[in-house]
Amino acid sequence: MRFQSSALTLAIASTLFCPCLAQNPQPTVYTDPTTGICFDVWDIPGDSKTGGMAFGMALPSTALKTDATEFIGYLNCKERQGWCGIALGGSMTDSLLFVAYADGDVVRTSLRFTHKYAAPGVYTGNATVAEIAHEVTETGISFIFHCQDCLHWSQDGGSGRASTGSSMLDLGYAQSVQDPGNPSCAREAPLMLHDAQGTWTAMLDESATSDSYDQWRALANPTVPDNC
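Those letters in the sequence shown? Residues -22 to -1, 1 to 206, per mature numbering (1 follows the signal peptide of the UniProt record, and there is no 0), in order.
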């Protein structure tokens, strides 16, 4: 997540994805009415500055026995302005970072990565994001997407993975109410410092997996291209 000044970057070291803001590990089950996709979802309450968010996963049928490398994601950012981010390994560092925000009536996404508490660059590994559905309203955004090769990552000698076979994942989040700079170019857009952040251990249950996963994954379309 790229920030606009070194001062802001230094502030990350003590705050981004702070474990003191842990969330409820137990998911709720949500079925999207348009696509029929069923997710395990974790709600992240808002505060005096942010509207909060919800993040969910749908996984292949074997994911609780054999680690999956991909997932179908659900992100509901309960704030029209700003951006929402998920750290798929829990920490900001050495973890694949997924960022989404509204640009007009479309949702743009970016995958980022960093080894240290500094502005993350673009992730250069094999992971890709493809949109399944989105909605942008005056009060927030909803985004359903297929994330290929997003549960293992490797860059510049560092690597990691999220183990679905353990039935739990370490996840992190961050949210800002300030819009990114140059929003039409997601891979280069500077992201303003977050207004809320935290980590949680997300428990996975059978509702997260489905024999319909391949059918749902086939609903994905190419993500809106950057305008850089």
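Idealized CB from N, CA, C, for every residue including glycine.
Is DSSP giving residue 212 helix, strand or coil here?
In this structure the chain extends from -22 to 206, so residue 212 is not present and cannot be described.
Going by beta-carbon coordinates alone, are glycine 99 and phenylalanine 91 separated by less than 9 Å?
It is a contact, given that the beta carbons lie within the stated cut-off.
To the nearest angstrom, how far is the alpha carbon of alanine 105 from that of aspartate 10?
If I take the Cα positions, the gap works out to 24 Å.
Name the residue from Thr28, Leu42 and Ser69 whose alpha carbon lies nearest to the alpha carbon of methionine 146.
The shortest C-alpha separation from methionine 146 is found at Leu42.
Can you look up tyrosine 101 in the DSSP assignment and give me helix, strand or coil?
Note: tyrosine 101 maps to coil in three-state DSSP.
For the stretch 137 to 204, which segments carrying the beta strand (DSSP E) assignment without a break, of at least 3 residues, lie completely within its bounds, in sequence order?
You should have 146 to 154 and 174 to 181.
Going by the CB atoms, is the gap between isoleucine 64 and phenylalanine 17 shorter than 9 Å?
No, the pair does not count as a contact, with Cβ atoms beyond the cut-off.
Do threonine 115 and arginine 195 count as a contact pair if the criterion is CB distance below 9 Å?
Cβ distance not < 9 Å, so arginine 195 and threonine 115 don't count as in contact.
Check each candidate in Lys27, Glu48, Ala97 and Gly143 and name the one with the smallest Cα separation from glutamine 156.
Checking every option, the nearest Cα to that of glutamine 156 belongs to Lys27.
List the endpoints of the continuous beta strand (DSSP E) containing aspartate 72.
From DSSP, aspartate 72 is part of no beta strand (DSSP E); its letter is neither H nor E.
In this structure, how does DSSP classify threonine 87 when only helix, strand and coil are distinguished?
Threonine 87: strand per DSSP, three-state reduction.
Taking all protein chains shown into account, decide if valine 7 is buried (16 or more other Cβ within 10 angstroms of its Cβ) or exposed.
Valine 7 is exposed by the Cβ-count criterion.
Taking the beta strand (DSSP E) that glycine 63 belongs to, which residues open and close that run?
Note, glycine 63: beta strand (DSSP E), 61 to 65.
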